[in-house]
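What follows is one structure encoded as structure tokens, with my remarks underneath.
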Amino acid sequence: MYNNNNSTPSSSSSSEAGDARCSLFNPGEPLRQPRTTPPVSDGNSDSRSPVLSNSGHNSSSAADALVKNSKLSAAAPEFVPGCYALCQGDVYSDESEEYYAEASLAELVQEFVSHLNSSPGSFESEIEYITDTLNSWVTTEEILQELVELIYVQSTSLPNFAYTGARLCNHLSHHIRLTPANGNFRQLLLKRCRTEYERREQSMRGDPETQKKFHSYVLFLGELYLNLEVKSGKGTPGRADVLLGALKDLLNTLFSHPDDPNLICAVKLLKLSGSILDDTWKEKGQSDMSEIIKKIEDILLDAKCSRDVRQMLLKLVELQSSNWGRVLSAAVSSDATPDNDPNYFMNEPTFYTADGTPFTAADPEYSDKYQEILDREDFHDAYEENGNESSDDDDDDDEMDPEIEEAFEKFCMESDARRKK
Numbered sequence: 018m019y020n021n022n023n024s025t026p027s028s029s030s031s032s033e034a035g036d037a038r039c040s041l042f043n044p045g046e047p048l049r050q051p052r053t054t055p056p057v058s059d060g061n062s063d064s065r066s067p068v069l070s071n072s073g074h075n076s077s078s079a080a081d082a083l084v085k086n087s088k089l090s091a092a093a094p095e096f097v098p099g100c101y102a103l104c105q106g107d108v109y110s111d112e113s114e115e116y117y118a119e120a121s122l123a124e125l126v127q128e129f130v131s132h133l134n135s136s137p138g139s140f141e142s143e144i145e146y147i148t149d150t151l152n153s154w155v156t157t158e159e160i161l162q163e164l165v166e167l168i169y170v171q172s173t174s175l176p177n178f179a180y181t182g183a184r185l186c187n188h189l190s191h192h193i194r195l196t197p198a199n200g201n202f203r204q205l206l207l208k209r210c211r212t213e214y215e216r217r218e219q220s221m222r223g224d225p226e227t228q229k230k231f232h233s234y235v236l237f238l239g240e241l242y243l244n245l246e247v248k249s250g251k252g253t254p255g256r257a258d259v260l261l262g263a264l265k266d267l268l269n270t271l272f273s274h275p276d277d278p279n280l281i282c283a284v285k286l287l288k289l290s291g292s293i294l295d296d297t298w299k300e301k302g303q304s305d306m307s308e309i310i311k312k313i314e315d316i317l318l319d320a321k322c323s324r325d326v327r328q329m330l331l332k333l334v335e336l337q338s339s340n341w342g343r344v345l346s347a348a349v350s351s352d353a354t355p356d357n358d359p360n361y362f363m364n365e366p367t368f369y370t371a372d373g374t375p376f377t378a379a380d381p382e383y384s385d386k387y388q389e390i391l392d393r394e395d396f397h398d399a400y401e402e403n404g405n406e407s408s409d410d411d412d413d414d415d416e417m418d419p420e421i422e423e424a425f426e427k428f429c430m431e432s433d434a435r436r437k438k
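As numbered in this note's numbering, residues 18 to 438 make up the sequence shown, in order.
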């Protein structure tokens, strides 16, 4: 409500503010008359027009002058203060009502991928809805190629999404209905992977960011080999043999540039798929895994890799020599021991080393590693209490741990013995 005093509105902005307050706090009162027409004069003296808010001081002629001289327009664009950014999606009109534009395919895929990455356990329950939605979108070959590129980019760039991305690719390869002449979803995906495969030498000579993307691609290809099912004429789905040869070439490329990032990537790939690669090559009568292990042994003897990477390579050679940690036959429960039953320590906790490698009580060095974790926790507690950190001389950092040195010497002796034979 306006005050019954002799003051008049100083500007149109103050009148608008008063009108806004009236409409907010007195929603039941009648609306004011529009300013573009003279106010209607009726028997009700309590008019809501700001021109007549002071009875007796403003006449109808003043209202006419205000209307004639006003520069206000109903078609004027919306006013946005300079300190605010106008953020509004595309709006379309069908002459009846306005509506916002539908999300693009890229936004849709991004939403699906973000959901699966944050909740990978929902894959089985959500995959049918995701597939149906994508099938409604993929109506042309160009859209199918765009979909393949979007999923490939997300699978090779989003951290920890390689496994879920490979599962998603496998499901879509069997359930995307559109099959153009140039290839279905699976064929287009393999073509995209081949493009990156052919650039492997360039990626090795690129900057660190390019090499990092290449390493993500290598690990995704390993996941794809394990999860992508290709139907054969016999009806039993199998793995894509084209990826088998590609992974061998990628490993050779990584070992031909034996710096730490490349060696770490190779170790991760072999831990992920080494047992499957080894079995497949043996079934085909090929000795490719023996050649790879020979390359690792040469790197251990000659390459100047860091201490941690050298230990990772030694552990990998040991893992391969123990049939990748697999036990062919489970022992009877009464005869089970830590040596013959892999499930002996099933209920024991799992710990992780500094480089993210898991280990349990089944690990031969479990007690040493567990004690190391306890010592590290005691060290941090002492550091927090004293406020300072005690460190050895810098020369000690370059020295090899006795455990690693002993393992390395043992490896060198075994390697020399094999060469003499």
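Built from N, CA and C at the ideal position, the CB exists for glycine as well.
- Taking C-beta separations shorter than 8 Å and ignoring five residues to either side along the sequence, the partners of K230 in its chain run T173, S174 and S220, following chain order.
- When secondary structure is reduced to three states using DSSP, V344 falls in the coil class, being assigned neither helix nor strand.
- The beta carbon of L236 sits closer than 8 Å to the beta carbons of A179, C282, K285, L286 and L289 from its chain, once the five residues preceding and following it are set aside; these are given in chain order.
- Between L294 and L264, the gap from beta carbon to beta carbon is short of 9 Å.
- When the beta-carbon positions are compared, T148 and H192 come within less than 9 Å of each other.
- Per the coordinates, the alpha-carbon of E124 lies some 10 Å from the alpha-carbon of V130.
- Taking each of L189, A79 and Y234 in turn and checking the Cα distance to L260, the smallest one comes out for Y234.
- Distance from the Cα of F425 is smallest, within the candidate group D319, R343 and E389, for D319.
- Secondary structure of G138 (DSSP, three-state): helix.
- CA-CA distance, V334 to W341, rounds to 9 Å.
- If you draw a straight line from the Cα of G138 to the Cα of G182, it comes to about 13 Å.
- In the structure shown, G182 adopts helical secondary structure according to DSSP, grouped into three states.
- Looking from the CA of Q328, the closest CA among L271, S249, K88 and E423 belongs to E423.
- Judged by DSSP in its simplified three-state form, V170 adopts helix.
- Contact annotation: Q127 and L167 have beta-carbon atoms nearer than 9 Å.
- At the C-beta level, L238 and F202 stay beyond 9 Å of one another.
- In this structure, the beta-carbon distance from I316 to L268 does not fall below 9 Å.
- Looking only at G223, K312 and R209, the smallest Cα-Cα distance to L164 is reached by R209.
- Only exposed fits H274, as fewer than 16 other CB atoms lie within 10 angstroms of its CB.
- Under the DSSP definition of a beta bridge, G255 partners with V247.
- Under the three-state reduction of DSSP output, H232 falls in the helix class.
- DSSP assignment within the segment 300–340 yields the following whole alpha helix (DSSP H) runs of 4 residues or more, N-terminal first: 305–319 and 324–338.
- In the DSSP annotation of this structure, the continuous segment of the alpha helix (DSSP H) that includes S77 starts and ends at S77 to N86.
- Excluding residues up to 5 positions away in sequence, T270 lie with their Cβ nearer than 6 Å to the Cβ of R217 in the same chain.
- In the DSSP assignment, L205 falls within the alpha helix (DSSP H) that extends over F202 to Y214.
- Excluding five sequence positions before and after L122, the CB atoms of its chain that fall closer than 8 Å to its own CB belong to W154, I160, E163, L164 and L167, given in chain order.
- Annotation for E119: no alpha helix (DSSP H) segment contains it, and DSSP assigns it neither H nor E.
- Around the beta carbon of V326, 16 or more other beta carbons sit within 10 angstroms, so the residue counts as buried.
- One thing to note: H232 has its Cβ within 9 Å of the Cβ of P278.
- Here I193 carries a coil assignment [DSSP, helix/strand/coil].
- The three-state reading of DSSP puts G262 in helix, counting H, G and I together.
- The beta-carbon distance between L207 and A257, rounded to whole angstroms, is 7 Å. This is short enough to meet the 8 Å contact definition.
- For E95, the secondary structure class from DSSP, reduced to helix, strand or coil, is coil.
- Separation of the CB atoms of N199 and E246 is rounded to 22 Å, and the pair is thereby denied contact status at 8 Å.
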